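Asks: In our numbering, the protein residues as written are 989 to 1316. A virtual CB, placed ideally from N, CA and C, is assigned to each residue, including glycine. From a predicted model like this one, the values you see are computed outputs, not experimental measurements. Supplied in structure tokens, the structure appears directly below.
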């Protein structure tokens, strides 16, 4: 009876050792870049966030949105409205005229995080042969009552177009789809700029427009809220891109963090194997302990057994147990 009590006591100690570490949850994903919070579905460390936005953000001194046409500085992220505002440092604005270039996104970006409907692209100083002034003129639309004359007259940088042509060069207010399918060379316009939150710019002069590109995104429900409530961080397997709940540097789960639940499949298998193997070892120890007491009495030398199997390596440390042949 005493041997059985000793066995159960040490078995409980083993359980405590095995599950103490998974309960310790540490953040494995950076959640800030400069002063911009980085939350799900985005990530600046590989394996964080969702795979749809993998490698789209880069954090150096500032946060940048990475596209084939360049790196665009992220100004704000609104997680409630699911929008992200970026700014092209090489884009022309009311105060500076830049050499023209194209805004290009990957096919995945165009689907998962496209420019929002209230973002417009302004094509300026267009040739009279431009397709948006001829066959595709339907792509141009009225922007809150604003005109090319107003744009060229109010902005210091755009006044140059007036001076060079002694007239008002054509311009076009259009959507992202126009610049997505036609390059600036095809559009035959020398410069472009982009403005967002256009619904609130009626009666507002070009000097006070919001220059930049607002992107909108949506994320399917993957159970991230459950993971976050358990103290984990939503991420994905960098090889399979399957969703995981990141609980610590060495402990991931598919749903949420916590004892047992916080383990991934491999760790659960190792834990189960270790428990079974330890059970057999401790049962054997208990039997030998009883035999030693009956044969040798209290003075029989004590025996030591160590749990150090391949199943115990990795996340779980080796655990040693000592039993002396004292009478209880």
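With distances taken between CB atoms, is the gap from residue 1065 to residue 1024 smaller than 9 Å?
Replies: Your numbering for residue 1065 matches position 77 in the chain shown. Your numbering for residue 1024 matches position 36 in the chain shown. Yes, the pair counts as a contact, with Cβ atoms nearer than the cut-off.
Asks: Cutting at 6 Å between CB atoms, please list the residues of its own chain near residue 1201, excluding the five before and the five after it.
Replies: Within the chain shown, residue 1201 is the residue found at index 213, counting from 1. 1074, 1103, 1107, 1182.
Asks: Against chain C, does residue 1096 count as a neighbour if the rule is that its beta carbon must be under 9 Å from one of theirs?
Replies: Looking at the structure shown, chain C is missing, and only one protein chain is on hand.
Asks: Which same chain residues end up closer than 6 Å to residue 1133 when comparing Cβ atoms and leaving out the 5 residues on each side of it in sequence?
Replies: As a position in the chain shown, residue 1133 is number 145, starting the count at 1. Same-chain partners within the cutoff: there are none.
Asks: Is residue 1087 buried or exposed, if buried means 16 or more other CB atoms sit within 10 Å of its CB?
Replies: Here residue 1087 refers to the residue found at position 99 of the chain shown. Looking at its Cβ environment, which holds fewer than 16 other Cβ atoms inside 10 Å, residue 1087 is exposed.
Asks: Helix, strand or coil for residue 1025 per DSSP?
Replies: Numbered from its first residue, the chain shown carries residue 1025 at position 37. Looking at residue 1025 - three-state DSSP - the assignment turns out to be strand.
Asks: Measure how close the beta-carbons of residue 1156 and residue 1140 come, nearest whole angstrom, since I'm counting them as under 8 Å.
Replies: Here the question's residue 1156 lines up with position 168 in the chain shown. Here the question's residue 1140 lines up with position 152 in the chain shown. Right, the Cβ-Cβ distance comes to about 6 Å (below 8 Å), so this counts as a contact.
Asks: Hey, is the stretch 1075 to 1095 in contact with the stretch 1026 to 1038, meaning 3+ C-beta pairs nearer than 8 Å?
Replies: no
Asks: Going by C-alpha to C-alpha distance, which of 1120, 1137, 1186, 1081 sits closest to residue 1177?
Replies: Here the question's residue 1177 lines up with position 189 in the chain shown. For the residues 1120, 1137, 1186, 1081, the minimum Cα distance to residue 1177 belongs to 1120.
Asks: Where residue 1099 and residue 1063 are concerned, what is the direct C-alpha to C-alpha distance, given to the nearest angstrom?
Replies: Stepping through the chain shown from its first residue, residue 1099 is reached at position 111. Stepping through the chain shown from its first residue, residue 1063 is reached at position 75. One C-alpha to the other measures close to 21 Å.
Asks: Measure the alpha-carbon distance for residue 1264 versus residue 1217 and round it to whole angstroms.
Replies: Within the chain shown, numbered from 1, the residue matching residue 1264 stands at position 276. Within the chain shown, numbered from 1, the residue matching residue 1217 stands at position 229. Low per-residue confidence applies at residue 1264: pLDDT is 48, beneath 50, and the placement is therefore not dependable, though the value from the model is reported in the following sentence. Rounded to the nearest angstrom, the gap between the Cα atoms of residue 1264 and residue 1217 is 32 Å.
Asks: When we look at the beta-carbon of residue 1113 and count the other beta-carbons within 10 Å, is it buried (16 or more) or exposed?
Replies: In the chain shown, the residue the question calls residue 1113 occupies position 125. It counts as buried.
Asks: Output yes or no for whether 9 Å exceeds the beta carbon distance between residue 1111 and residue 1180.
Replies: Taking the chain shown and counting its residues from 1, one reaches residue 1111 at position 123. Taking the chain shown and counting its residues from 1, one reaches residue 1180 at position 192. Closer than 9 Å, so yes.
Asks: Using DSSP with H/G/I as helix, E/B as strand and the rest coil, what is residue 1233?
Replies: Taking the first residue of the chain shown as position 1, residue 1233 is located at position 245. Annotated three-state conformation of residue 1233 is strand, per DSSP.
Asks: Just mark residue 1174 as buried or exposed, buried being the case when its beta carbon has 16 or more other beta carbons within 10 Å.
Replies: Counted from its first residue, the chain shown places residue 1174 at position 186. Residue 1174 is exposed by the Cβ-count criterion.
Asks: Does DSSP put residue 1261 in a helix, in a strand, or in coil?
Replies: Your numbering for residue 1261 matches position 273 in the chain shown. Any reading at residue 1261 needs caution, since the residue's pLDDT is 49, under 50, leaving its predicted position unreliable; the model's value is listed next. Correct three-state label for residue 1261: helix.
Asks: Excluding sequence positions up to five away, which residues of its chain have a Cβ less than 6 Å from the Cβ of residue 1101?
Replies: Here residue 1101 refers to the residue found at position 113 when the chain shown is read from its first residue. Answer for residue 1101: 1203, 1205, listed in chain order.
Asks: So if DSSP puts residue 1112 in a beta bridge, which residue, or which two residues, is it bridged to?
Replies: As a position in the chain shown, residue 1112 is number 124, starting the count at 1. Paired residues: 1179.
Asks: When the Cα atoms are used, what is the spatial distance from residue 1235 to residue 1069?
Replies: Working through the chain shown from its first residue, we reach residue 1235 at position 247. Working through the chain shown from its first residue, we reach residue 1069 at position 81. Taking the straight line joining both Cα atoms gives about 27 Å.
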